[in-house]
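**Student:** Counted the way the working numbering counts, the sequence shown spans residues 24 to 475.
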Amino acid sequence: MYNVLIRPLVIQDALTSYQWRNDNEVWKYTGSRPNIDITAEIESSWIEKVLQDISSKRFAILCNTQYIGNIQLTNIKEKTAEFHIFIGNKDFWGKGISQLATYQILYYAKEILKLDEVYLTVRPENKAAVKSYQNNNFSIIQETEEFIKMSLKLSELSPPTLSIFVMVYNHGIYLKECLDSLLMQKTAFNYDIVIGEDCSTDHSREILLNYQKLYPGKFKLLLHDKNIGAANNQEQTYKNCTGKYIAVCEGDDYWTDPLKLQKQVDFLEGNNDYSMCFHNVEKIDIEGKILDIPITESETAEKAYTIEDLAEGNFIHTASVIFRKNFEALPSWIISSPAGDYPIHMINASYGLIKYFPEKMGAYRIGQGIWSSQTKQIQYINTIFVIKLMIANLSLNEQVVKNLNEQIQRLILYIRDTLPVSNYPQDPEKAAYSLSIKKLIIILLKKIRYSF
């Protein structure tokens with residue numbers, strides 16, 4: 024499995040690529056072989072020259088962070104461009120890397136350059152290349168003994184296998200760690216990273232724009248001109264995720280296993296009766312210190328869960344989940360929900376089983392986000408409201424509704440038993456109805472009243 028990325032070509036790449044120019048095997052299938060020995064100086068001058076060409080976009084192909092080839096769009100004009108690629112490092116031939124890199128530059132052409140069509144020419148004997156291009160939906164439009172011309176309408180570019188759903192708001196101090204963990208994934212499929220940035224007041228947006236420039240084939244940035252709130256940001260980000268599967272990672276969380284995506288997608292691909300899967304995570308505080316807080320009752324064994332289990336309580340951590348995109352848009356009622364993840368998990372659970380993996384493949388930061396920074400009592404009041412929304416808006420079987428209502432009762436008891444008692448030690452009954460609990464009950468009633 025390989026981690027494949029494209030990044031802008033730089034002059035320093037000449038120290039590697041000049042050697043490829045002198046390898047006849049590398050240029051076997053091209054029509055532009057050098058007719059002189061290429062030195063590092065010649066290659067550097069050539070790269071410096073072509074980087075000034077405003078009608079082309081040139082990138083290096085990275086495999087597991089190693090520079091192994093070039094990929095580019097040239098003759099960019101009138102919404103079209105010509106495509107070129109070569110893998111200079113022969114150790115990486117025949118491994119599917121070309122197809123993954125090709126998809127990234129096509130994604131860039133469509134999403135960032137806003138082109139309509141990309142075309143290429145290839146020699147007929149280069150059958151592996153023709154197959155790779157066809158796998159990215161290129162079609163043959165002309166064929167002779169000397170060359171094959173192929174073209175792709177970018178409107179026909181296949182969606183990625185998986186989209187990573189990310190919401191960002193003032194995550195600047197953690198964001199690079201998050202993005203690096205998403206980019207380190209080793210997969211045999213295409214994935215993109217869809218980020219809703221909700222008009223942060225820190226340097227989050229600057230970080231995102233820099234990453235998009237550095238890895239242009241991966242990012243779709245939704246940069247809101249004004250703060251639209253978490254619920255609306257969630258709705259827009261989800262709508263822009265076009266993958267067959269969706270993985271989720273908030274801007275202050277991160278993944279730790281480079282094979283996380285591949286493991287989970289492999290499972291879902293082989294088990295159609297499962298709608299989603301999740302894994303164990305490391306819980307950390309705002310400084311990165313590991314916290315000993317279990318995510319499930321049994322962290323050590325693989326297990327299958329049902330929607331009835333999930334109705335007893337939300338045990339799925341957001342940064343660990345991958346689910347099938349069973350619905351194109353979030354239901355409108357989720358906008359009213361103070362927590363978006365639990366309703367989405369419940370909807371997905373209505374389509375199939377839930378798989379749990381005990382491996383810790385990510386980290387969840389406690390105390391940073393809006394939800395985790397709330398007191399337990401406020402979290403539970405919001406959870407009650409979320410449950411009421413789900414009961415009112417989802418088609419649920421009798422057992423699921425029963426489990427949800429029992430969860431509400433447990434939460435109410437917790438709120439009652441854990442609130443601080445006010446200064447009425449001589450009157451326990453009066454203490455039970457202290458100002459603290461009254462305020463919380465008012466909050467709960469206000470939340471429930473406007474929807475139920």
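Glycine included, every Cβ here is placed at the ideal spot set by N, Cα and C.
Just so you know, these numbers come straight off a predicted model, no measurement behind them.
#1: Verify whether the separation of the beta carbon atoms of L291 and I345 is less than 8 Å.
#2: Going by CA-CA distance only, name the one from E429, K176, D221 and H368 that's closest to K249.
#3: For H226 and W43, what's the separation of their Cα atoms in angstroms?
#4: Bridge partners of S186, per DSSP?
#5: Checking 8 Å against the spacing of the C-beta atoms, do P354 and T265 come in under that value?
#6: Quick check on DSSP: helix, strand or coil for C264?
#7: Suppose contacts are defined by Cβ-Cβ distances below 8 Å. Is F380 in contact with H302 by that definition?
#8: In three-state terms, what does DSSP make of Y447?
#9: Mapping the DSSP letters down to three states, classify I251 as helix, strand or coil.
#10: Which residues in the same chain have their Cβ closer than 6 Å to the Cβ of S343, if we skip the five residues on either side of it in sequence?
#11: Rounded to whole angstroms, what's the CA-CA distance from D477 to T341? Just pull it up for me.
#12: Determine the extent of the alpha helix (DSSP H) in which V288 is found, giving its start and end residues.
#13: In this structure, does DSSP put T97 in helix, strand or coil?
#14: Would you identify the three-state DSSP class for A37, choosing helix, strand or coil?
#15: For the candidate residues D46, A415 and K383, whose alpha-carbon lies nearest to that of K286?
#16: Curious, which full-length alpha helix (DSSP H) runs of at least 4 residues does the stretch 397-430 contain?
#17: Near P361, what residues of its chain come up, given a Cβ to Cβ distance below 7 Å and the 5 sequence neighbours on each side ignored?
#18: Mark G219 as exposed unless 16 or more other C-beta atoms lie within 10 angstroms of its C-beta, in which case mark it buried.
#19: For E258 and F350, what's the separation of their Cα atoms in angstroms?
#20: Work out the CA separation of L202 and G336 for me, nearest whole Å.
#21: Based on the DSSP output, what are the partners of S174 in its beta bridges?
#22: Which word fits T398, buried or exposed, when buried means at least 16 other C-beta atoms lie within 10 angstroms of its C-beta?
#23: How is L20 classed by DSSP in three states: helix, strand or coil?
#24: I want to know whether the stretch 148-162 touches the stretch 116-130 - three or more CB-CB distances under 8 Å.
#25: Report the three-state DSSP secondary structure of Y25 (helix, strand or coil).
#26: Just curious, the beta strand (DSSP E) that G385 is in, first and last residue?
#27: Considering only residues of the same chain and omitting the five flanking positions on each side of Y126, which have a CB-CB separation below 7 Å?
#28: What is the rounded straight-line gap between the Cα of M369 and the Cα of W356?
#29: Near N47, what residues of its chain come up, given a Cβ to Cβ distance below 8 Å and the 5 sequence neighbours on each side ignored?
#30: Helix or strand or just coil, what does DSSP make of N349?
#31: Could you check the C-alpha separation between M24 and T210 for me, to the nearest Å?
#32: Drop a sphere of 10 angstroms on the beta-carbon of Q422, count the other beta-carbons inside from all chains shown, and report buried for 16 or more, exposed for fewer.
#33: Quick one: any contact between the stretch 188-199 and the stretch 267-282, if contact means 3 or more CB pairs under 8 Å?
#34: Please tell me whether L412 and S359 are closer than 8 Å, where the distance is taken between their beta carbons.
#35: Rounded to a whole number of angstroms, what is the C-alpha to C-alpha distance between Y52 and E166?
**Tutor:** In short, the structure shows the following:
#1: yes
#2: D221
#3: 40 Å
#4: D215 and I269
#5: At least 8 Å separates the beta-carbon of P354 from that of T265.
#6: Shown here, C264 sits in coil according to DSSP, grouped into three states, outside any helix or strand.
#7: yes
#8: In this prediction, Y447 has a pLDDT of 48, which is less than 50 and means its spatial position is unreliable; nothing more can be read from the coordinates.
#9: coil
#10: F301, H302, V304 and G385
#11: Only positions 24 to 475 of the chain appear in the structure, and residue 477 is not among them; the question remains open.
#12: For V288, the uninterrupted alpha helix (DSSP H) run begins and ends at K283 to G293, by DSSP.
#13: In the structure shown, T97 sits in a strand (DSSP, three-state: E or B).
#14: helix
#15: K383
#16: Runs found: 399-416.
#17: N405, F408 and V409
#18: buried
#19: Their backbone Cα atoms lie some 12 Å apart in a straight line.
#20: 30 Å
#21: Y142 and S162
#22: exposed
#23: Residue numbering for the chain in the displayed model covers 24 to 475; residue 20 lies beyond these limits and cannot be assessed.
#24: Yes, the stretch 148-162 is in contact with the stretch 116-130.
#25: coil
#26: First-last of the beta strand (DSSP E) with G385: L376 to R388.
#27: N159 and N213
#28: Each residue's CA atom was taken as its position, placing M369 and W356 some 14 Å apart.
#29: Closer than 8 Å at the Cβ level, and outside the excluded window around N47, lie R56.
#30: N349 sits in coil when the DSSP states are folded into three classes, being neither helix nor strand.
#31: 6 Å
#32: exposed
#33: yes
#34: yes
#35: 16 Å
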